[in-house]
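Enquirer:
In the numbering used here, the protein residues as written are 2 to 142.
#1: Go ahead and label residue 57 buried or exposed: buried means 16 or more other beta carbons lie within 10 angstroms of its beta carbon, across all protein chains shown.
#2: Using DSSP with H/G/I as helix, E/B as strand and the rest coil, what is residue 57?
#3: Within 8 Å, do at least three Cβ pairs link the stretch 26 to 35 to the stretch 68 to 82?
#4: Quick one: what's got a C-beta closer than 6 Å to residue 96's C-beta in the same chain, skipping five residues either side?
#5: Can you check DSSP and say which residues form a bridge with residue 121?
#6: With a 10 Å radius around its C-beta and 16 neighbouring C-beta atoms as the bar for buried, classify residue 112 as buried or exposed.
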């Protein structure tokens, strides 16, 4: 499977995770950048997330990463942008990172460092892996 195809599949899994775990959200307000839509998601900081939902009470920003992209410097900068945006939201703010199973622990460690570095206290951060979405493995939060 090509990287772009794998990324697109992860983005769709990310949306499925949000729909399943936050069933009261209006799905028509969910913006997904899966490479198949002509609608571009607005930038958050210097980056454009793969998924965003925002209403008056809730902001959810989601990002899907493929393999070593999970820990590249560019990705770290994206995570910081997204978490800062969540920190500035006056309501329930959530950042979700979906990564391949084998990169989950590295992603959790990076998220913990980032949260400490930017002193994020308002944002719920979830790192989930692709296998927990496919089935058989419980997703961690």
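Beta carbons are placed, not taken as given, at the ideal position from N, Cα and C, and that holds for glycine.
Expert: Quick look at the numbers:
#1: As a working note, residue 57 is residue 56 in the chain shown. With fewer than 16 other Cβ atoms within 10 Å, it is exposed.
#2: Here residue 57 refers to the residue found at position 56 when the chain shown is read from its first residue. Here residue 57 sits in coil by DSSP.
#3: Taking a contact to require three or more Cβ pairs closer than 8 Å, the stretch 68 to 82 and the stretch 26 to 35 do not qualify as touching.
#4: Taking the chain shown and counting its residues from 1, one reaches residue 96 at position 95. Around residue 96: 62, 83, 84, 87, 124 and 126.
#5: As a working note, residue 121 is residue 120 in the chain shown. In DSSP, residue 121 forms no bridge with anything.
#6: Translated into the one-based positions of the chain shown, residue 112 becomes position 111. Classification for residue 112: buried.
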